[in-house]
Amino acid sequence: MVTPGLDGYRPSWQRPEHDDLAELARAFFTKEVIPHAQRLEQQGHPDRSHYRRAGELGLLGLSVPAAYGGGDGDFTHEATLLHEQAHTGEGSLGLAVHSGIVTGYLVAYGTEEQKRRWLPGLCDGSLVGAIGMTEPGGGSDLQAIRTRAVRDGDVYIVNGSKTFITNGAVADLVVLAVKTDTSRGADGISLLLASEFTRGRTLDKIGLHANDTAELFFDDVRVPAADLLGQEGAGFFQMMRQLPQERLVIGVAAVAAMQRAVELATAYAKERTAFGKPLIAHQNTRMVLAECATRTRVSRVFLDDCIERHRRGELDVATAAMAKSWLTEGQCEVVDRCLQIFGGYGYTTEYPIAKMYADARVQKIYGGTNEIMKELIARAL
Ligand SMILES: Cc1cc2nc3c(=O)[nH]c(=O)nc-3n(C[C@H](O)[C@H](O)[C@H](O)COP(=O)(O)OP(=O)(O)OC[C@H]3O[C@@H](n4cnc5c(N)ncnc54)[C@H](O)[C@@H]3O)c2cc1C
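Numbering-wise (this note's numbering), the sequence shown opens with residue 64 and increments by one.
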């Protein structure tokens with residue numbers, strides 16, 4: 064994970080084991096998944112076999128205890144994997160959600176029985192996880208969700224719908240936010256482990272074509288009460304505890320994309336000529352690349368500080384919000400400026416920078432919009 068033009072930079076948390084993991088992940092993405100990229104984009108979702116292969120290689124559930132089939136590591140290992148995925152340009156597998164988020168909920172809040180039931184499958188790739196918070200009526204105001212779960216003996220009867228669910232077309236398990244008490248706001252929200260639902264449309268997006276984002280419907284779905292994750296009414300608090308990690312995961316992908324954009328644009332600027340000399344010999348190109356490389360390096364250092372804090376269990380909500388908003392804004396800016404260096408070719412899908420431009424845009428939207436991030440930062444001032 065060397066930042067362009069800055070040889071020798073290593074995050075304080077990086078150990079030789081992270082280098083080995085990065086190498087394994089890089090080889091998997093580049094040799095086994097990326098060769099299928101065009102087909103995966105056309106089908107609109109990843110191959111299940113790639114999840115299973117990632118599981119076989121030990122790349123899933125890196126921070127899950129070994130007792131449940133995981134890698135027994137911590138968030139630094141998840142971050143290493145996600146960096147490699149974004150840096151190689153692999154965009155089909157929903158690993159940020161599957162491993163970066165869903166397993167985290169189970170480890171943090173699952174009963175022993177729930178962990179034994181779900182974690183081994185999520186770690187070996189035979190199961191795919193998703194998280195269902197957003198509803199058609201709104202995503203920013205989580206307290207206002209309308210999907211209801213009414214307790215009836217030893218089951219909950221669930222009615223409602225979710226939208227924009229990453230991995231929604233392939234998921235076997237959804238950590239589902241529901242209202243168990245409509246008379247209350249945040250305190251009326253609970254989390255269920257839902258494995259029965261009806262899949263709606265897989266949404267047609269401007270980017271991330273190989274990763275599925277789908278609607279899910281719950282129509283009198285009976286979820287066993289034993290599949291309540293944590294305490295009834297604690298769901299909002301549980302999500303608030305987990306969202307900093309979700310935001311950090313987005314930041315990891317943002318910095319990896321910035322790094323890739325600078326590398327691609329630098330290579331192009333060295334080979335393309337205009338007015339009789341390589342683009343990189345023109346002063347403006349040099350300035351743009353220098354600024355983008357600097358932004359990438361500063362972003363990387365801030366991200367690493369957040370990763371280190373998170374590893375120690377000390378990443379607060381406002382700092383995670385700063386990371387998510389600032390790093391994704393940096394990603395969109397750096398990718399846009401790097402695309403410009405490619406001229407017309409940057410606008411054609413033959414060049415990866417074009418795909419990176421379309422893929423980057425959503426980073427400012429999901430995981431809580433950047434406007435909501437700024438609200439969270441301002442609240443802490
Ligand atoms: C590709 C993709 C994948 C996603 N994956 C998932 C997933 O796996 N699980 C999941 O649950 N959700 C997922 N989402 C949903 C995403 O988290 C929501 O889209 C996001 O939280 C915003 O919600 P919304 O779209 O309803 O926008 P709204 O909440 O309707 O917001 C619309 C606009 O108003 C602004 N706004 C709202 N409230 C305020 C305020 N108080 N102050 C200032 N501005 C405000 C917002 O910032 C935004 O610009 C995904 C979305 C996409 C596009």
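Using N, Cα and C, we set each Cβ at its ideal position, and we do this for glycine too.
If you ignore the 5 residues before and after G136, its C-beta comes within less than 6 Å of the C-beta of L125 and S126, all in its own chain and listed in chain order.
DSSP assignment within the segment 242 to 312 yields the following whole beta strand (DSSP E) runs of 3 residues or more, N-terminal first: 252 to 257, 261 to 265 and 276 to 287. An exposed status is given to P79, since fewer than 16 other beta-carbon atoms sit within 10 Å of its beta-carbon. The C-alpha of A443 lies about 16 Å from the C-alpha of R304. Boundaries of the beta strand (DSSP E) harbouring A193: G192 to G195, taken from the DSSP string. DSSP places F405 in no alpha helix (DSSP H); its state is neither H nor E.
Excluding sequence positions up to five before and after L291, its CB lies within less than 7 Å of the CB of S253 and L255, all in the same chain and listed in chain order. Annotation for I440: the continuous alpha helix (DSSP H) segment containing it runs N433 to R442.
Under the 10 Å beta carbon count, M419 is surrounded by 16 or more other beta carbons and is classified as buried. In this structure, G188 and A117 form a Cβ contact; the two beta carbons are roughly 5 Å apart against a cut-off of 8 Å. Between the beta-carbon of F281 and that of N222 there is about 6 Å, and that keeps the pair under the 8 Å contact cut. Contact check for V284 against A159 fails: the beta carbons are separated by 8 Å or more. V237 is a Cβ neighbour of F260, given a cutoff of 8 Å. Cβ-Cβ distances below 6 Å link A273 to L103, E104, G154 and S155 in the same chain, with the five nearest sequence neighbours on each side left out; the list follows chain order.
By the criterion of at least three beta-carbon pairs nearer than 8 Å, the segment 405 to 416 is not in contact with the segment 387 to 396.
Unbroken beta strand (DSSP E) stretches of 3 residues or longer found wholly inside the segment 181 to 227: 192 to 195 and 211 to 215, given in chain order. Listed in chain order, the alpha helix (DSSP H) runs fully inside the segment 109 to 166 are 111 to 119 and 138 to 151, counting runs of at least 4 residues. Distances between the C-beta of G195 and the heavy atoms of ligand 1 include at least one below 7 Å.
DSSP places T411 outside both helix and strand once states are collapsed to three, so it counts as coil. Within its own chain, the residues whose Cβ lies closer than 8 Å to the Cβ of M436, once the five positions on either side in sequence are excluded, are R310, A384, M385, K387 and S388, listed in chain order. Note: K387 is not bridge-paired with any residue in the DSSP secondary-structure output. CA-to-CA, the gap between A344 and Q426 works out to about 33 Å. At a Cβ-Cβ threshold of 8 Å, G163 and T229 do not count as neighbours. Q294 counts as exposed, since fewer than 16 other C-beta atoms from the protein chains shown sit within 10 angstroms of its C-beta.
In this structure, E434 has its beta carbon less than 7 Å from a heavy atom of ligand 1. Shortest gap from the CB of T329 to any heavy atom of ligand 1: 7 Å or more.
Cα atoms of Y172 and T166: separation of roughly 10 Å, rounded to the nearest angstrom.
In this structure, the alpha-carbon of G216 lies about 11 Å from that of V286. Only residues of its own chain outside the window of five on either side were considered, and among them Q177, K178, W181 and L182 have a CB closer than 7 Å to the CB of L169, listed in chain order.
The criterion of a C-beta distance shorter than 8 Å is satisfied by V325 and V397.
S362 counts as buried, since no fewer than 16 other beta carbons sit within 10 angstroms of its beta carbon. The residues A417, in chain order, have a CB closer than 7 Å to that of Y410 in the same chain once the five nearest residues on each side in sequence are set aside. Set against 7 Å, the gap from the CB of K333 to the closest heavy atom of ligand 1 is not smaller. Exclusion of F300 from the 7 Å shell around ligand 1 follows from its C-beta lying no nearer than that to any non-hydrogen atom of the ligand.
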